[in-house]
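Here is the structure we will look at.
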Amino acid sequence: MLTAKQHELLHFIQQKLDESGISPSFEEMKEALGLKSKSGIHRLISALEERGFLRRLPNRARALEVIRLPEGAKSAMHDHRDNVTPLRKAPPALKPVAANDIVEVPLHGRIAAGVPIEAFEDHNQLAVPAALLGAGDHYALEVSGDSMIEAGILDGDYALIQKADTAREGDIVVALVDGQDATLKYFRREGRMIRLDPANSSYEPQRYEAERVMVQGRLSGLLRRYH
55 MLTAKQHELL HFIQQKLDES GISPSFEEMK EALGLKSKSG IHRLISALEE RGFLRRLPNR
115 ARALEVIRLP EGAKSAMHDH RDNVTPLRKA PPALKPVAAN DIVEVPLHGR IAAGVPIEAF
175 EDHNQLAVPA ALLGAGDHYA LEVSGDSMIE AGILDGDYAL IQKADTAREG DIVVALVDGQ
235 DATLKYFRRE GRMIRLDPAN SSYEPQRYEA ERVMVQGRLS GLLRRYH
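In this note's numbering, the protein residues as written are 55 to 281.
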């Protein structure tokens, strides 16, 4: 039999595969199960592999395959001892997205990694390896400036952004200031203010009243072209 956490993790992975075709990241799994470290996720995945419920696909980023689900196991989402929820079987045609699969995301102009500049939208598309994207809707912005270089984000990079209107402390976000100027920065709260921190010691943090800042997405990945 599976433990409650093993059952819950298997269910969560299957749900994410159903939604997006891509298995969740270790960070997403850690948060979903309320664990304090990713090492617990590694142990759960290894245990599920040993029991024949899960398989890791080699040479693919974030590629997990649910081989089977328990047909009559106790759901980890319920705390009543006699409440047994039968789980459906995994769809036989479901396959994880291969690392070399390509998807197209909207390319919405340039975004400042220095002082804010206007981010404009157009109708271009950018081809992106599917393994770089998680669940949810994404778009891309071309980075302009050098204020995030210490985070490995360089001028001319393509920032892959997961659409979101909220952010956690320390997330790298697309922040829209005063409804017109967008910038890529670390997101911090400072009392009633929002502080947008650069990753370059040559730049100063930017502070705004909270109502002036709108989060438009969180950094999901980077794409860099070499000429």
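Built from N, CA and C at the ideal position, the CB exists for glycine as well.
Taking the CA atoms as reference points, Asp72 sits about 14 Å from Arg122. A direct Cα-to-Cα measurement between Ile207 and Glu158 gives close to 21 Å.
Shortest Cα-Cα distance from Gly163 to any of Asp191, Ser198 and Gly190 involves Ser198. As summarised for the segment 180-220, the continuous beta strand (DSSP E) elements at least 3 residues long and confined to that stretch are 192-198 and 212-216, given in chain order. Taken through DSSP and simplified to helix, strand or coil, Lys239 comes out as strand.
Taken in chain order, the complete alpha helix (DSSP H) segments of 4 or more residues contained in the segment 223-274 number zero; there are none.
Using a Cβ distance threshold of 8 Å, Asp191 and Val269 do not count as a contacting pair.
The beta carbon of Ile215 sits closer than 8 Å to those of His192, Tyr193, Ala194, Leu195, Val228, Gln270, Gly271, Arg272, Leu273 and Ser274, all from its chain and outside the five residues before and after it, given in chain order.
About 5 Å separates the beta carbons of Arg261 and Arg249, which is inside the 8 Å limit, making them a contact pair. With a cutoff of 8 Å on beta-carbon distance, Ala86 and Gln60 are scored as not near each other.
Between Ile203 and Leu89, the alpha-carbon positions lie close to 32 Å from each other. Using a 10 angstroms sphere on the CB of Ala213, the tally of other CB atoms reaches 16 or more, which defines it as buried. In the same chain as Pro160, and ignoring 5 residues on each side of it, the C-beta atoms closer than 6 Å to its own belong to Tyr193, in chain order. If the five residues before and after Pro259 are omitted, its C-beta is found closer than 6 Å to the C-beta atoms of Arg249 and Asp251, all from its own chain and listed in chain order. Residue pairing from DSSP places Ile165 in a beta bridge opposite Val197.
According to DSSP, residue pairing for Ile67 in a beta bridge does not occur. Residue pairing from DSSP places Arg109 in a beta bridge opposite Glu119. In this structure, the straight-line span from the alpha carbon of Leu186 to that of Pro78 is close to 12 Å. Lys92 and Phe80 do touch by the CB rule: their CB atoms are close to 5 Å apart, below 8 Å. A residue is called buried when at least 16 other Cβ atoms come within 10 angstroms of its Cβ; Met247 does not meet this threshold and is exposed.
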